[in-house]
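Enquirer: Take a look at the following structure, please.
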Amino acid sequence: MTCLLMAAGGGHVRAAPAPANSTAKPAVAANRDVSNLLSSAMLWHSRHRNDLARAALEKALLVQPEQPDVLSLLGQIDIEENKPAAANKALQTLRARYPNAPATKALADVIRINTVDKSRIARARLLQRSGQADAAFAEYKALFPDGPPTGDLGVEYYRAQANATNGWPAAQQGLANLSKASPEDSRASASLAELMIDRPSSRLAGTRMVADLAARPNADLNALLPLWQKGLSKADGNLAWLPLYQRYLALAPNDADIRAAYDKLNAQQAARTRMLNDPAYKSRQAGIKALDQGRLNDAEKSLDAARVKRPNDGELLGSLGLVKMRQGDHKGAQELFAQALRKDPDNAGKWRSLLKTSQFWGAMSQARDARDAGRLDEADRLVRGALASDPNNPDGLALLGDIALDDKRDKDAERLFQQALKIESDNDTALRGMITLYSRQQRRTELANLLGDLRRRFPQDRARFDKAEAAALSDDADRAIAEGHNGPALAALERAVALDPGNAWTRYSLASLYRKLRLPQIGREVMAEGMRQPLEADDRAQMLYAQAIYLNVIDDEAGARESLAQIPAANVTPSIKRMQTTLAIRDTARLAREAHAAGNDAGSERRYGDALAMAGDDPELIGEVARARVSAGQPDQGLALMRDWLAAHADKPQPDAQLRYAELLNTAERDDELGTFLTSMDPSALGADQRDEWQDLQDRLALRQADRARALGDFDMAQQKLEPLLSRQPPDKRALSTLGDIYFDERRFDDARKIAEDQIRQDPTNQDARLSLVRVLYEQQDDEAASRELDRALAEASPDDVWTQLAAVRRLSAMERYDEAIALNDRLRAQFPDTSAVTVQRGRIAQSQRHYNEAKGWYDQARKEEIVQGALPGYDGMTSAESAIDSLASRRNSYVAAGYEIDQKKGDGGISMFNARAVPLYGQYAVGYDGHVFAQTDYVSADSGDLPLNGTSEFGTLPFLNVPSFRAANPGVQSDYGTKRQKAHGQALMLGYENDWIRADIGHTPVGFPISYVTGGVRLFGNLGRYNYWVDTSRRPMTGSMVSYAGEYLPLPEVFGDGKWGGVRRDAITFHASRDFTKWGIFGEASVARLTGENVLNNSEVSARAGVDLPLIYKRDMRLNTGLTLFFDSFAQNERYYTYGHGGYYSPQTYVSLTLPIEWYGRTQRWSYYLRGSVSFSQSQEKAMPYFPTNGALQAASGDLTYGSGGGFGVGFSVTGRAEYWVNRHWVIGGQVQFERSDYYAPNRFLVYMRYHFDARRGDVPMPPSPVRPIWSY
């Protein structure tokens, strides 16, 4: 019924004509003939036969052309048939002639809701479907400010009100009024009945209402029987349901489930009558009642008598144990509790608790005996031993206080008594001890206050004490549950139920807690035991109500098993017996699967053997066992069962068994075996249904093979597998969906979009296609359209369709609508608690939000669910939860790496030549799942060759050797001092941390260089919508030469004195932003920097970079990209020279370059590789600079030597290649070469490296390679 009244999306909404008893009197009342025709039209309209309804209305208009109710209904039909012009014409007529008639308002509402307010009603329905009942009803009230509408709109309005807070009474009355107003239209009555059935307190009345509707002459049984069945399926066992069962079965005699429930109710009544008349049972109950009333002798007598005939009754044995315990016979009580524990495992918690209690009080009894005998040390030891298992027991604490009191340790005694009274304010032993203590210490005032308090408290009866304690315990349990302390809550509720066994809602709380602890069957027994209590009529009604609520939320298959088990043998039909066997096999197989999951293989095999024994030689039942084993991750054992049966019955065709075996192969994803087996079957020998099943298995095999090929990036093979299904007319819908996935993975978004749109056009209810369209639209960056389609999919998805809704959760998460994704996912978890995929997706949402520890918790929970369910691995050999755990674990990438790099740059020996050797040693360690700390140290050896020590060398102060004035002033100076090797070595250091949003490090250039200093940087990452950015502030070395990187000492100190210069550091702030579009991407970067060094002219730099990235090939294991980059750079000073005061780094005043790169990278099974080449075109300009820019005196003494300006156009290219090989899942070796060539600049770089990962890496080889880098390259 809900689907009729709450159709999502574009479905038209109808309103009935105004009821005849409306307070607004129609201008033209319908005469008898018109009334009959109008009633007929409304009946056909309610059954969606607008053609017949229209015929009746047109006849009515011949009699009364302006009858408003007829015109209103005809206008509504026009709206439904997409004839808005005709509907508006009818409305205009009504407004002109009957502006205040209810029929006019009814038609106006329908037109408004289906036109101008279509989006508002859609939002109201979306809120209603998503469980936001109050918000939904607020929308409905806003849509109808003048009060509730009539007809279907009225029904929809009241359904929304019924689900809103405190809305049910008004909604119930409103639907009842609609029903009375239009008795010929049963939709309002049926909706009211459905809502009443959904509420336990009115379920019986609602089902009666459906039965009465079905009895009408023109009843729509196709709509009413399912609703009637719904009410009966939730019946609570009250005998008042029996007539409703009988009337239903008269109309639906073949409904096996309802007939079974009917048989069960009869059987339960008969069984209860027999039980109540059983003398042993009467004695048992009399004994329990006497026990509850404290009449221990009577209780013992009755229970002993019952025990003779019911020796295996666990409840009886436990009750007798309680008698013994209260009589002080703790040893006898312990023996009986142990027997109860064995005989009544369903109440194991209760008997185990009482056994523990008996042991406690046994020790307490022994302690009292020792105390009475004066053995205080022994008594103290016994009490403390008992308190070890229950340290807050007030009686134990009080007895310990008594012992301390006897031992004259008054302070200890008072502390223990007060501690006991804090736990139990009216504990008799503690109170008596305090009285004794106060008396002994002559604390008269305190003693009087205590005695007065005792006089007010003690005259209370036991029953009221028990109920009060039970209520307090129940409150304690509620608080404990709210705080997540389920263990204490369970103990409190168990005790509360024992104290007040007739309280239905305490039992319901206990049963619900068991269900929460994944023990629903124990909760069922708690409620069933409540029904066995001697209850007054009102209490029994409450107990039945509570039981109905509980049964409504627990697993239905368990209920079916119990229902079948209670059917007397005389009433068991062959079909019932088969169902009993099937359910018994499933239950036994479930226990076997759980035992296997727990590591108890012997117990598991024993359970499977029991299941096979029940199956006998029936292939269908054997298939149940086989399916259980395959689903439990034991495909070989499961397949062998069916294979052996087929071999034993090969003497005649067994097509059903063969197909069952093929289905098992399909479930186990044994594709090669499945293909061969299906080929061996002769389709012509199969029946029509069997042939359809055979073909479906063929199709599913092809689809899975195509999907596997797609997942592995083999798109050609995937399409080849789909071809037979796509060549059909019409093409297979599943194959089209898979083809759309292939196009999506190939980034052929237009093709993927066309497939999805075609599927939606053919079937607007195809939500899978709509969600595929959402994915494509989002990748095409049409966010508005993607959100619109996603909202529609959410509005139209069936609440029971977990997979469609789960796919919607994935789309919401991908679109970063996390709150909505979490809300929908949590709702799915509540509705489908055993679906591990829902739990996995909850973890993926948390991971997307960078809540990594939370994600790990969800994944672990999902893996446990998979183990119980027997989830099979996917294409990558892992289950969904395992894959998610692996993905998360890959973030914890702890490893060490070492390498050897050679950098070579040709130039003038000792001056611009620069060769460096580095031995980097890098290590990083994961900090949770958020990021890594890392540390690196490099041994660096730098060499610029032999420096000619003469005046021709433009290095340091050597040019002065050719300055006549300098030589004249220093007559001992020679013109040539030979050569000197320019070398430096040192150890560089770096320590840092990196996660998704920050990278920070601090380090030091090589200690041992002439000049070294602290370096470091902080880079922050973020995004604004689809734009990604990072901001970096850093100090890094300039490594273009020996001067800029290591610094240099002045040559010939005996001539020029000591000194050094260089060691240039670049302090920069950089902003980088990028965005990817569907087929290309853009990026931009801007940087400002200050360059300083020791005895070097300060400099500043402004640079900018922008470009376009263009992917050419995008495959799972290979990428090919190109693009274009434009670069601008400008330095304030030209410091590319090597004389004293210059920095020795390239620093043009203007530099503009255009680069055309191409890069190719990918992977094979063990290799990953990367190759990049580029061609660049540049234009530069450099200004003239003095030889000694930082020292005017030197510059003047040199005769004002000056470097000339320069610049020009240049062309260059570069090639970089790297590869790494995964020796195993821990060890990696790799190498890299790089060449750059341009005018006056031709460096070479060579690197080899190795890496060790502490945790074995799973999945594909990462790409591109990730070599270790010297610190100077950051």
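Note that the sequence shown covers residues 459 to 1732 in my numbering. Using N, Cα and C, we set each Cβ at its ideal position, and we do this for glycine too.
1) Looking at A1400 and N1373, is the spacing between their C-beta atoms short of 9 Å?
2) Which first and last residues belong to the alpha helix (DSSP H) in which K517 is found?
3) Tell me, please, which residues DSSP counts as bridged to A1531.
4) Report the option in S1370, Q1163, N1311 and G1650 whose CA atom is closest to the CA atom of A1347.
5) Assign E614 to one of three DSSP states: helix, strand, or coil.
6) Contact check, L967 vs G981 under 8 Å by CB: the rounded distance?
7) Residues in the same chain with beta-carbon distance under 8 Å from T481, minus the five sequence neighbours each way, listed in chain order, please.
8) Compare the beta carbon distance of M783 and L761 with 9 Å and say whether it is the shorter of the two.
9) Go to E1694, then tell me how far its beta strand (DSSP E) extends in each direction, as first and last residue.
10) Assuming Q1637 contacts V1610 (C-beta within less than 8 Å), just tell me the rounded distance between them.
11) Mark L1478 as exposed unless 16 or more other C-beta atoms lie within 10 angstroms of its C-beta, in which case mark it buried.
12) Please name the residue, chosen from R1275, K688, G1520 and G1368, that lies closest to T1410 on a Cα-to-Cα basis.
13) Would DSSP call W1455 helix, strand or coil?
14) Going by other Cβ atoms of all chains shown within 10 Å of its Cβ, with 16 needed for buried, is T1473 buried or exposed?
15) In the DSSP assignment, the alpha helix (DSSP H) including E793 goes from what residue to what residue?
16) Q1112 to M667, Cα distance in whole Å?
17) Give the straight-line distance between the Cα atoms of A466 and D771, rounded to the nearest whole angstrom.
18) Just verifying my parser: in three-state terms, what is the DSSP assignment at F1290?
19) Pick from R490, Y1276 and G1665: whose alpha carbon is nearest that of V521?
20) Give the single residue among V1566, G1602, Q1623 and H1600 whose Cα lies nearest to the Cα of L1612.
21) What's the call for R913, buried or exposed, on a 16-neighbour Cβ count within 10 Å?
22) Relative to the C-alpha of L519, which candidate in L510, L532, D509 and A1446 has its C-alpha closest?
23) Reducing DSSP to helix, strand and coil, say where F1207 ends up.
24) Cα-Cα, which of S1656, R570 and Q1177 is closest to W542?
25) In terms of residue numbering, what span does the beta strand (DSSP E) encompassing S1348 cover?
26) Can you tell me whether K1179 is buried or exposed, with buried defined as 16 or more other CB within 10 angstroms of its CB?
27) In whole angstroms, what separates the C-alpha of Q1623 from that of S1724?
28) Report the partner residues of P1378 according to the DSSP bridge assignment.
29) Straight-line CA distance for F1635 to I1540?
30) Would you check if the distance between the CB atom of T1297 and the CB atom of Q1319 is smaller than 9 Å?
31) Determine, using beta-carbon pairs with one atom in the stretch 1419-1426 and one in the stretch 1353-1372, whether at least three such pairs fall under 8 Å.
32) So for I1369, helix, strand or coil by DSSP?
33) Nearest-angstrom Cα distance between E1323 and A1090?
34) Distance, Cα to Cα, H470 vs Y1317?
35) Using the beta-carbon count (16 or more within 10 Å), is T608 buried or exposed?
36) Are the CB atoms of L774 and A764 within a distance shorter than 9 Å?
Expert: According to the data block:
1) Their beta carbons are under 9 Å apart, which means N1373 touches A1400 by this criterion.
2) N508 to V521
3) Y1487 and G1542.
4) N1311
5) helix
6) The question names Leu, but residue 967 in the sequence shown is Ser. Contact doesn't hold; Cβ gap of about 10 Å is too wide.
7) Because the pLDDT at T481 is just 40, under 50, the model does not fix this residue reliably, and the value given afterwards should be weighed accordingly. The answer is none, since no qualifying residue turns up.
8) no
9) From DSSP, the beta strand (DSSP E) with E1694 extends over W1685 to R1695.
10) 5 Å
11) exposed
12) G1368
13) Coil at W1455, not helix or strand.
14) buried
15) Run containing E793: H788 to K801, per the alpha helix (DSSP H) assignment.
16) 49 Å
17) A caution first: A466 carries a pLDDT of 33, below 50, which makes its placement in the model unreliable, though a value can still be read off. C-alpha separation (whole angstroms): 56 Å.
18) coil
19) R490
20) V1566
21) The predicted model places R913 with a pLDDT of 49, which falls under 50 and marks its position as unreliable; any figure quoted below should be read in that light. Exposed is the call here.
22) Of L510, L532, D509 and A1446, the residue nearest in Cα terms is L532.
23) helix
24) As written in the sequence, residue 542 is Pro, which differs from the Trp given in the question. With distances taken between Cα atoms, P542 lies closest to R570.
25) Counting along the chain, S1348 falls outside any beta strand (DSSP E), and DSSP gives it neither H nor E.
26) buried
27) 16 Å
28) D1396, per the DSSP bridge assignment.
29) 20 Å
30) Yes, the Cβ-Cβ distance between T1297 and Q1319 is below 9 Å.
31) no
32) Under the three-state reduction of DSSP output, I1369 falls in the coil class, being neither helix nor strand.
33) 12 Å
34) Residue confidence is low: H470 scores 47 on pLDDT, short of 50, so the model does not pin down where it sits. No coordinate-derived value is stated.
35) It counts as buried.
36) yes
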